[in-house]
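**Q** The working numbering numbers the first residue of the sequence shown as 294 and each following residue consecutively.
Glycine included, every Cβ here is placed at the ideal spot set by N, Cα and C.
Only a predicted model underlies this, so the values are computations on that prediction, with no experimental measurement involved.
Before I ask anything, here is the structure I am working with.
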Amino acid sequence: MNPEIDIWTQAWSTWEKGGSLMLPLFLLSLYAYFVAFELLFRLSRMMPTEIRKASPHDLVEKQEAIGGAIGEIIRHCLSTGKNREETRRRFQNIRSETARTLNRRIRFLLALVSAAPLLGLLGTVDGMLATFRGLTLDLGRKMDLVSGGISEALVTTQAGLLIAIPAYVLLHLVSRRRSEWLHLLRLLESHAIRQMASRDSISNEIA
């Protein structure tokens with residue numbers, strides 16, 4: 294038999310053993326991974342590798358040459374001239390707004406990821422109920438229902454864990470990137486304020 298056909302045959306057989314909850318688990322996995330990769334893609338565009346490796350000093354000094362979200366943020370926040378309080382307020386507003394948006398999506402992703410093993414557990418309960426129902430029947434039908442119930446209990450539990458474990462890894466990666474982004478904004482704010490204070494001090498000395 295063709296190995297590829299054999300793999301698909303085994304996959305379909307496993308799907309059937311999982312019972313009616315396999316479709317909700319599959320749809321849940323698609324949605325959870327879509328949200329996870331969408332967040333990672335968004336964060337990678339907000340903070341590409343060259344931005345992550347650059348120092349706050351370089352980012353502020355070369356702001357006109359920096360593209361993407363971080364370049365727009367720096368130029369927007371520093372367009373206040375020498376008004377340090379306004380610059381600080383703009384940085385804080387952007388930081389709180391992006392944190393609120395990202396946190397909302399991350400909480401939603403956490404809910405999706407947490408639902409996967411719970412759906413698998415529901416399949417386990419459903420499979421065990423089918424097993425107990427089979428034990429009350431005559432011998433001819435008993436073995437089919439008992440084996441089917443046990444298969445459903447095991448397959449749905451396994452499917453829920455296979456969905457949740459990699460998704461938790463992605464969730465951790467998203468959370469870490471979110472923290473790096475917010476930390477970068479704090480560093481930029483601190484450096485920009487120090488730079489403005491230094492220029493004010495030099496201007497006062499000259500005056």
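What number of angstroms, rounded off, separates the C-alpha of I443 from the C-alpha of I387?
**A** A straight-line Cα-Cα distance of about 53 Å links I443 and I387.
**Q** Just the Cα atoms here: how many angstroms apart are T450 and S468?
**A** The alpha-carbon atoms of T450 and S468 are separated by roughly 26 Å.
**Q** How long is the line joining the alpha carbons of H476 and G413, rounded to whole angstroms?
**A** 37 Å
**Q** Let's test the definition: count the other Cβ atoms within 10 Å of the Cβ of S322 and tell me whether it reaches 16, buried, or not, exposed.
**A** buried
**Q** On the three-state DSSP scale, how would you describe M340?
**A** coil
**Q** Could you check what DSSP says for N234 in three-state terms: helix, strand or coil?
**A** The structure shown does not extend to residue 234, since the chain is modelled only from 294 through 500, so no value can be given for it.
**Q** Look at the alpha carbon of D419 and the alpha carbon of I456, and state the distance between them as a whole number of angstroms.
**A** 19 Å
**Q** Along the chain, where does the alpha helix (DSSP H) containing L352 start, and where does it finish?
**A** Counting along the chain, the alpha helix (DSSP H) containing L352 begins and ends at P349 to E354.
**Q** According to the neighbour-count rule (16 or more other Cβ atoms, all chains shown, within 10 Å of its Cβ), is T417 buried or exposed?
**A** buried
**Q** Beta carbon of L481, beta carbon of V353: below 8 Å?
**A** Here L481 is near V353, since their CB atoms are less than 8 Å apart.
**Q** Among T380, L405 and S313, which has the Cα closest to the Cα of L464?
**A** L405
**Q** If the criterion is Cβ atoms closer than 8 Å, does the pair L314 and L415 meet it?
**A** yes
**Q** Can you give the beta carbon distance from L371 to A485, rounded, assuming they're within the 8 Å contact cut?
**A** 6 Å
**Q** Quick check on the burial criterion: 16 or more other C-beta atoms within 10 angstroms. Buried or exposed for V448?
**A** buried
**Q** With a Cβ-Cβ cutoff of 8 Å, do L318 and A409 count as a contact?
**A** In contact: L318 and A409 (Cβ atoms closer than 8 Å).
**Q** Quick check: the Cα distance between G364 and K346, rounded to an integer number of angstroms?
**A** 15 Å
**Q** With DSSP run on the structure shown, which of helix, strand or coil describes N396?
**A** helix
**Q** Straight-line CA distance for M340 to L454?
**A** Looking at the backbone, the Cα of M340 and that of L454 are separated by about 31 Å.
**Q** Which same chain residues end up closer than 7 Å to R377 when comparing Cβ atoms and leaving out the 5 residues on each side of it in sequence?
**A** I486, M489 and A490
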